[in-house]
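Asker:
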Amino acid sequence: MHFPLGGPVPAEDIVGRDDFITSLETRLAEGQSVMLAGPRRIGKTSLAFEVLRRLKKKGFYVGYVDFFRASSKRSIAESIINSCLENRTGIRKTLNAVWDRAKLLAGSAKIAVKVEDLELSIGFPKKEMDDETFLEFALNLPELLAEKDGKRMVMVFDEFQDAGQIAGLDIYKVMRSHFQHQNKVSYLFLGSKESMMQSLFAGKKHAFYRFATVLPIPQIPEEDWMSYIARKFNERGIEVTSDYVLREIVQLAGGHPQDTMLICTEAYYTLLEANERRLSSEIVRIAYERALITLTPVFDEILDEVGKKPLVREVLRRLAIGETVYKDKNNPNNIKRAVDLLSMSAIIEKEGRGKYRFVEPMLKEYILRNY
Ligand SMILES: Nc1ncnc2c1ncn2[C@@H]1O[C@H](COP(=O)(O)OP(=O)(O)OP(=O)(O)O)[C@@H](O)[C@H]1O
Ligand SMILES: [Mg+2]
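With our numbering applied, the sequence shown corresponds to residues 468 to 838, in that order.
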């Protein structure tokens with residue numbers, strides 16, 4: 468895909484967050500753990516991957532665990548262990564290789580030797596181990612490995628708020644009790660459910676209270692988008708008629724990273740289909756309409772999920788047309804509950820007192836047209 472869409476983007480397509488990436492890199496390298504929370508598809512995983520790429524180049528051990536993909540305490544542990552061991556063996560699923568000796572020996576001799584080496588220095592968990600012991604092993608491993616190899620390690624835990632749902636809320640306590648004694652490892656926690664992440668890290672009673680520095684994810688400046696989009700179209704021999712067109716794309720997407728990429732993609736295909744080589748305002752308009760169509764199932768799903776109650780739908784409609792939310796006096800508490808639900812679901816964000824904005828401005832347009 469010429470404009471990367473859906474999932475972490477390669478280094479050369481990361482727009483506008485260079486200073487932030489440097490700052491994350493520095494903090495983590497110095498041993499500070501960091502937490503980033505933000506709505507879906509604003510670029511959390513892309514940031515984390517880039518930070519890990521940079522740290523790896525500098526000789527750090529790195530690991531990435533996605534809790535969204537884990538299904539049990541055991542699979543969480545496996546994923547942590549594998550991501551640690553990959554630094555040594557260069558293979559994704561070292562545990563499988565360890566447990567299936569026959570296959571390991573039949574395979575690459577180089578890997579077999581590396582695995583033997585590893586066994587001597589850290590010992591391996593047995594397949595029969597119970598889940599608790601297995602998890603303990605996993606949680607100790609980053610520090611153990613870093614220590615043995617004279618390295619520093621940075622681990623990313625993505626969609627961290629899912630850990631509790633998968634393995635029970637106790638897992639946070641267990642994790643914290645291990646992590647707080649580690650001094651060769653720092654952690655970058657990411658999560659798309661902001662309120663859950665906030666309470667885990669900022670609630671006095673919660674296990675990760677004050678364990679990590681909480682940083683806001685910065686918006687991508689308009690100018691950065693504009694020069695990126697111009698470069699990408701130029702690379703394909705497409706002439707951009709004016710800065711105005713570029714600004715139009717960014718503003719139509721309302722600064723939402725994935726939607727900006729989506730409009731660009733649609734513009735690119737529209738040009739190909741029309742056999743045109745000039746990006747004009749007209750093309751951008753068509754691209755926007757097409758992007759809205761491809762987003763229909765996504766938006767319908769979001770709205771089905773939250774819009775079961777008529778009042779929530781009414782609040783959404785008021786927010787979309789820019790009306791005051793609390794206009795009728797009869798049920799302010801119910802309205803507040805509706806507003807809370809919408810911010811918890813990361814559909815809206817508070818902008819100031821009683822002011823909210825749509826996280827994804829194209830969703831606002833969709834509501835205006837269809838709701
Ligand atoms: N800095 C960026 N520069 C350019 N595009 C970006 C950037 N960040 C995100 N995107 C766009 O958003 C998409 C999603 O990015 P990413 O997967 O990193 O976000 P996320 O917040 O982790 O999303 P999810 O909630 O789905 O896990 C990318 O495929 C890309 O189209
Ligand atoms: Mg992600």
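Every residue, glycine too, gets a C-beta built ideally from N, C-alpha and C.
Rounded to the nearest angstrom, what separates R555 and N650 at their Cα positions?
Answerer: Each residue's alpha carbon lies about 20 Å from the other.
Asker: Just curious, the alpha helix (DSSP H) that G631 is in, first and last residue?
Answerer: D629 to A634 is the extent of the alpha helix (DSSP H) around G631.
Asker: In terms of residues, what are the limits of the alpha helix (DSSP H) holding F700?
Answerer: Counting along the chain, the alpha helix (DSSP H) containing F700 begins and ends at E689 to E702.
Asker: If contacts are defined as beta-carbon pairs under 8 Å, then A613 and Y531 qualify, I think. What distance do you get, rounded to the angstrom?
Answerer: 16 Å between Cβ atoms; not a contact.
Asker: Just to check, is the beta-carbon of K511 closer than 6 Å to a non-hydrogen atom of ligand 2?
Answerer: Result yes, Cβ under 6 Å from ligand 2.
Asker: Could you check if P471 belongs to the surroundings of ligand 1, using beta carbon to heavy atom distance under 6 Å?
Answerer: The answer is yes for P471.
Asker: Between which two residues does the alpha helix (DSSP H) carrying T763 extend?
Answerer: Segment S748 to V773, the alpha helix (DSSP H) holding T763.
Asker: Mind listing, in chain order, the continuous beta strand (DSSP E) runs of no fewer than 3 residues lying wholly within the segment 641-693?
Answerer: Counting whole runs of 3 or more residues, the segment 641-693 contains the beta strand (DSSP E) stretches 652-658 and 680-682.
Asker: Using 7 Å as the threshold, is the C-beta distance between R757 and I705 below it?
Answerer: It is not a contact, given that the beta carbons lie outside the stated cut-off.
Asker: Just verifying my parser: in three-state terms, what is the DSSP assignment at R824?
Answerer: Here R824 sits in strand by DSSP.
Asker: Which of the three DSSP states is assigned to R877 in this structure?
Answerer: Any property of residue 877 remains undetermined from this structure, which presents the chain solely from 468 to 838.
Asker: Leaving aside the five residues before and after W566 along the sequence, list all residues of the same chain whose C-beta is less than 6 Å from its C-beta, in chain order.
Answerer: So the list reads K594, once near-sequence residues are dropped.
Asker: Terminal residues of the continuous alpha helix (DSSP H) containing F601?
Answerer: Run containing F601: D598 to D616, per the alpha helix (DSSP H) assignment.
Asker: I need the DSSP call for V792, collapsed to helix, strand or coil.
Answerer: The answer is coil: DSSP assigns V792 none of H, G, I, E or B.
Asker: Excluding the 5 residues flanking I696 on each side, which residues of the same chain have their C-beta closer than 7 Å to its C-beta?
Answerer: Counting only Cβ-Cβ distances below 7 Å, and skipping sequence neighbours, we find L713, I716 and C731.
Asker: Just the Cα atoms here: how many angstroms apart are L495 and T561?
Answerer: Straight-line Cα distance between these residues: approximately 26 Å.
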